[in-house]
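Colleague: Under my numbering, the first residue of the sequence shown carries the number 39, and numbering increases by one thereafter.
Structure incoming, see below.
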Amino acid sequence: MSQLSFAHVPQAGFTAFGSTMSTGAWALVDTTNYENSSTPLWNAPMTAVVKIRMKRTVMGLLEAIAGAGGAKGCDRQWDSCQKQLNGLLGVAAESNNTAKREAAERLQKMLLLGAGAGQTQLRYQEEVDFARKQAALTSQGQGAADVALLGLGPIMAEIASATDALAAAIGHGETNRTPYRRKATAAMECATTFAWAADTLSWMVEHGGEGAERELAMALHASLVELAERYVATAPAALAQQAAPPNA
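Listed below in structure tokens is the structure:
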């Protein structure tokens, strides 16, 4: 059997196959005793090892997709808080109270970028670092006094909360990859794992001898052939469409 490629399979193709692994021939591969990642696989049947590895890789992709979606929502919340801070400082900067006006001007220079919302254009990782710098600058001294004078405690608390949520969503401090890159990497890992699974099953069919196990391996391999061929057939058309002029 020729080696299969899953390079053109989209993320949705891999995630959908996660459901396929609980039906048909795949349902006959019992992995109950090996679902826990801490359970050794040395004594597991080869088909179970194949299924477990594929399932874990698909789960990694699903987690990356969920994390990216969560990051967008957290970023919107973070941006909203920063815009509120900019607006509140803008109002205070027009105050007739000299002390409040001066406090607002100091905080604008200290806490904002550009025209006041430039920080919302930073990358996710940079936004987390920027907000934590804001918190440090207003945690003591003149910054803390100015925040108290202008009653900005609540919005600063909201910013801190939104920052913690964004940091958790993007894995701040754990990885420098963007949510998009994490999804792309997870998809590539799926392509590599599925190719390995197809090659392993193909080898088992050819060299594993006769019997029910061979028939099962053939059925499992056939499902992977169907997945790979489904997207290989549409890949050239998709690439041509992407390359076509806007008005074509």
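Ideal Cβ positions, reconstructed from N, Cα and C, are used throughout, including at glycine.
Leaving out five residues on either side along the sequence, give the residues of the same chain with a beta carbon under 6 angstroms from the beta carbon of Phe52.
Modeller: Val96, Leu99, Cys228
Colleague: Alpha carbon to alpha carbon, how far is Gly111 from Ile208? Give it in angstroms, no decimals.
Modeller: 11 angstroms
Colleague: Straight-line CA distance for Val270 to Thr231?
Modeller: 17 angstroms
Colleague: Is DSSP giving Gly98 helix, strand or coil here?
Modeller: helix
Colleague: When we look at the beta-carbon of Ala54 and count the other beta-carbons within 10 Å, is it buried (16 or more) or exposed?
Modeller: Label assigned to Ala54: exposed.
Colleague: Going by C-alpha to C-alpha distance, which of Arg144, Met84, Gly181, Gly154 sits closest to Trp234?
Modeller: Met84
Colleague: I'd like the ranges of any alpha helix (DSSP H) spanning at least 4 consecutive residues and lying wholly in the region 118–155.
Modeller: Runs of the alpha helix (DSSP H) inside the region 118–155: 136–149.
Colleague: Sorted by chain position, which residues of the same chain lie with C-beta nearer than 6 angstroms to Ile197's C-beta, five sequence neighbours on each side aside?
Modeller: Cys119, Ala169
Colleague: Our contact map puts Leu262 next to Leu123 with C-beta atoms below 8 angstroms; I'd like the distance itself, whole angstroms only.
Modeller: That pair is no contact at about 52 angstroms.
Colleague: Between Ser76 and Thr61, what straight-line distance do the alpha-carbon atoms span, to the nearest angstrom?
Modeller: 25 angstroms
Colleague: Quick check: the Cα distance between Arg333 and Gly154, rounded to an integer number of angstroms?
Modeller: Here the chain covers residues 39 to 286 and nothing more, so residue 333 does not appear.
Colleague: Could you tell me how far apart the beta carbons of Leu175 and Gly181 are, in whole angstroms, since I believe they sit closer than 8 angstroms?
Modeller: So it is a contact: roughly 5 angstroms between Cβ atoms.
Colleague: Short check: CB of Leu265 to CB of Ala255, under 8 angstroms?
Modeller: No, these two residues do not count as a Cβ contact at 8 angstroms.
Colleague: According to DSSP, is Ser177 helix, strand or coil?
Modeller: coil
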